[in-house]
Amino acid sequence: MEVAQISIFLENRSGGLADVADALARQGISIKAITLADMADFGILRLIVDDPDLTRAVLKEAGFTVDKTRVVAVEVPDRAGGLRDTLQALKRSEINVEYMYSAARRSGESAIIIFRFDEVARAIDVLRGAGLKVLDRFETM
Amino acid sequence: MNTWNDPTGGFHPASAPDYLPRKQLAELQLKRLRSIVERAYARVAFFRHRMEVRGLTPESITRLEDLGKLPFTVKADLRDTYPFGLFASPMEEIVRLHASSGTTGKPIVVAYTQADIEVWKQVMVRAFACYGLHRGDVIQNAYGYGLFTGGLGAHYGAEALGATVIPISGGNTERQLMVMQDFGATAICCTPSYFLHLVERGKEMKVDFSKMRVGVFGAEPWSEAMRQRIQEDTGIRGYDIYGLSEIIGPGIAAECTHQDGLHVFEDHFYPEIIDPDSGEVLPEGAEGELVLTTLSKQAMPMIRYRTRDVTTLASATCACGRTLRRIRRIERRSDDMFIIRGVNVFPSQVEAALLRLKGTLPHYHIVLTREHGLDNMEVQVEVTPEVFSDKIRALESLHAEIEHEIEQILGIRAEVTLVEPRTLARSEGKAKRVTDKRKI
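Line order of the protein sequences matches chains A and B.
For the record, in the first sequence the residue sitting at position 93 is 93 according to my numbering, with numbers rising by one throughout.
For the record, in the second sequence the residue sitting at position 123 is 1123 according to my numbering, with numbers rising by one throughout.
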């Protein structure tokens, strides 16, 4: 229904991102979606991975501040207007999107968009009501 | 008065001097002062010379107030006479040496005779009794064992108290937490910053803290706000212990359960408060630098030692019944202070600002820089899981709140930087709070 997102606090220093990638690679963790929000002196890295709990443990061990949040992964038709139709459905129901990004892989003929909502359950209902497919097991994709 | 076996009471036979009538205590102090000055004069060339140039002899001391005639001793004097220049006992009578970390250059060395070790043990017993600890308590001693006085000082005191000691020493957070839970520790001795670190990790590891009831915190300044935070977060009572290697180590003064200042064990350590600039002794209640004279130390008597710690001295009898005068908790050292853009700043003020924010644990570091003749203060605040969010908005508002609180308290703007946790830096014991990179 919802998928687990791992977010990591990164201060603005060279090599921080590489350290995260290295820690994950050593454990054979595969990244399914990734986005980096960068501010003047810090950044927040957000990841969807095949093993969120292991990822969290590994990064904590490496000294990072890590958080696990629930996000919604939606199959959005990979055509012009596909995203608009999805967002229109949310807009009609006045559901606010905190942030969103796309996954590295496609699902069949669709793109996968990751959404962060405050009202997760209602957002899922609305998306489903609009005929969209909400992924529940990103890990096995 | 409570008896020793009553778990609700803190009275231990060794605590008897804590309740002496003031007059009797003053007589004891004068007797001991005269004999310590005599000892220092007769046996330590440094002290004799210092007194001679002022035309003083041990006979010049006839009242406690005469102590003010004697010159101060400062840390540099211990460095200059390194290693054994201030010893008043031959090595055959000295049973132990300790040394300070010596953040700049040579360390300082301190010595103890068997009688000194006995006094040290007794004052530590009295300190633990102040906290309401007694036989049956399990005390996890996370102060470092070794040249540092903290570990062994607390160790022998806790044993003499009759408590069970876990001599775990500092560091290795995971093992500390495992032992704390599995051995059912009821008290812990460590620095307050390390305790915060333990709590933080303990929460993550879901450690059961329920048996722990007392924290004995010392070796670095900490604020009342930090105590409140620790007590609210963990349900344990956090008490301050005051000590200084140059005088004896931990056990010079301790808070009682009323948490209203630290009782100085002044039958062994005589306190004065002076103006750090003029050297003048200040009247009761005035804030100034604490100066201590050892009244019974054999191996290394210390006359009017300037501690650099800023506090006040109060003589009103405490609600606990102890007649010993109390120093206010030391939140800062006179040499801790830095001046930025003409404003005097103590790191404890930055800590107070951080503690106003919900969820932040005050792991911070201050970096001072100067660019084009302009001073800049950067406050690096560690982002812990408690305050971290995947939303930029939340972190930006945290950042703004910290800047706001610091400006509220200090009256100047600081540049706040959110940084990743640096677990290592604070497991080492004393937290280093300020780095001054200004080239002046």
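Note that beta-carbon positions come from the ideal geometry of N, C-alpha and C, so glycine has one too.
Practice prompt. Closer than 9 Å, Cβ to Cβ, to anything on chain B: give me those residues from the stretch 98-131 of chain A, in chain order.
Written response: If the cut-off is 9 Å between Cβ atoms, the stretch 98-131 of chain A has Glu98, Tyr99, Arg116 near chain B.
Worksheet item: Between A/Thr69 and chain B, is there a C-beta pair that is closer than 8 Å?
Response: Yes, A/Thr69 lies at the interface with chain B (some Cβ there is under 8 Å from its Cβ).
Practice prompt. Rounded to whole angstroms, what's the CA-CA distance from B/Gln1029 to B/Pro1421? Just pull it up for me.
Written response: Taking the straight line from one Cα to the other gives about 49 Å.
Worksheet item: Counting contacts by CB-CB distance shorter than 8 Å, is B/Thr1435 in contact with chain A?
Response: Proximity of B/Thr1435 to chain A, defined by a Cβ-Cβ separation below 8 Å, is not satisfied.
Worksheet entry | Reduced DSSP category for B/Met1302 - H, G, I as helix; E, B as strand; rest coil | Note: B/Met1302 maps to coil in three-state DSSP.
Discussion item. Do B/Asp1390 and A/Asp67 count as a contact pair if the criterion is CB distance below 8 Å?
Written reply: Result yes, Cβ atoms of A/Asp67 and B/Asp1390 sit closer than 8 Å.
Fill in: Residues near B/Ser1210 by beta carbon distance below 7 Å, same chain, minus five either side
The beta carbon of B/Ser1210 sits closer than 7 Å to none of the beta carbons in its chain outside the five residues before and after it.
Worksheet item: If we cut at 8 Å on Cβ distances, does B/Thr1103 have a partner in chain A?
Response: For B/Thr1103, the predicted model reports a pLDDT of 49, less than 50, meaning its position is unreliable; a value from the coordinates is still stated below. No, its Cβ sits nowhere closer than 8 Å to a Cβ of chain A.
Item to complete: Using a Cβ cut-off of 8 Å (strictly closer), state whether A/Asp51 contacts chain B.
Response: Output row for A/Asp51: interface = no.
Fill in: Length-filtered (3 minimum) beta strand (DSSP E) runs lying within the stretch 1136-1204 of chain B
Within the stretch 1136-1204 of chain B, the complete beta strand (DSSP E) runs of at least 3 residues are 1138-1141, 1164-1166, 1187-1190.
Worksheet item: Can you tell me the Cα-Cα spacing of B/Leu1198 and A/Glu61, whole angstroms?
Response: As the crow flies, the alpha-carbon of B/Leu1198 is around 15 Å from that of A/Glu61.
Worksheet item: With a CB to CB cut of under 6 Å and the five nearest residues on each side skipped, what residues in its chain are close to A/Asp19?
Response: The beta carbon of A/Asp19 sits closer than 6 Å to none of the beta carbons in its chain outside the five residues before and after it.
Practice prompt. Using a cut-off of 7 Å between C-beta atoms, extract the partners of B/Val1419 located in chain A.
Written response: Residues of chain A with a Cβ closer than 7 Å to the Cβ of B/Val1419 are, in chain order, Glu11.
Fill in: Spatially closest choice to B/Gly1342 from B/His1399, B/Arg1413, B/Gln1122, by CA coordinates
Looking at the Cα atoms, B/Arg1413 is the closest of the given residues.
Discussion item. Let's test the definition: count the other Cβ atoms within 10 Å of the Cβ of B/Asn1344 and tell me whether it reaches 16, buried, or not, exposed.
Written reply: Label assigned to B/Asn1344: exposed.
Worksheet entry | Members of the stretch 1387-1403 of chain B near chain A, C-beta cut-off 9 Å | Hits within the stretch, in order: Val1387, Phe1388, Ser1389, Asp1390, Lys1391, Ile1392, Arg1393, Leu1395, Glu1396, His1399.
Worksheet entry | As assigned by DSSP and simplified to three states, the class of B/Phe1046 | B/Phe1046: helix per DSSP, three-state reduction.
Discussion item. Tell me whether the stretch 1246-1258 of chain B and the stretch 1148-1155 of chain B touch, counting them as touching only if at least three CB pairs, one residue from each stretch, are closer than 8 Å.
Written reply: With three or more CB-CB distances shorter than 8 Å, the stretch 1246-1258 of chain B counts as touching the stretch 1148-1155 of chain B.
Discussion item. Using DSSP's beta-bridge definition, name the partner residues of B/Phe1209.
Written reply: Paired residue(s): none; B/Phe1209 is not in a bridge.
Worksheet entry | Neighbourhood of A/Glu11 by C-beta distance below 6 Å, restricted to the same chain and skipping five residues each side | Taken in chain order, the residues that qualify are Phe42.
Discussion item. Is there a C-beta anywhere in chain A that falls below 8 Å from the one on B/Thr1369?
Written reply: B/Thr1369 does not count as touching chain A.
Fill in: Pairwise C-alpha distance: B/Ser1035 and B/Glu1092
A direct Cα-to-Cα measurement between B/Glu1092 and B/Ser1035 gives close to 21 Å.
Worksheet entry | Where B/Lys1023 falls: helix, strand or coil (DSSP) | It is helical.
Practice prompt. Look up B/Lys1031 in the DSSP assignment and say whether it is helix, strand or coil.
Written response: It is helical.
Worksheet item: To which residues of the same chain is B/Ala1160 closer than 6 Å at the C-beta, ignoring the five residues directly before and after it?
Response: By the criterion of a C-beta distance shorter than 6 Å, B/Ala1160 is surrounded in its chain by Lys1121, Val1125, once the five residues flanking it on both sides are discounted.
Practice prompt. Look up B/Thr942 in the DSSP assignment and give the residues it is bridged to.
Written response: This structure gives no information on residue 942 of chain B, because the portion of chain B shown stretches from 1001 to 1440.
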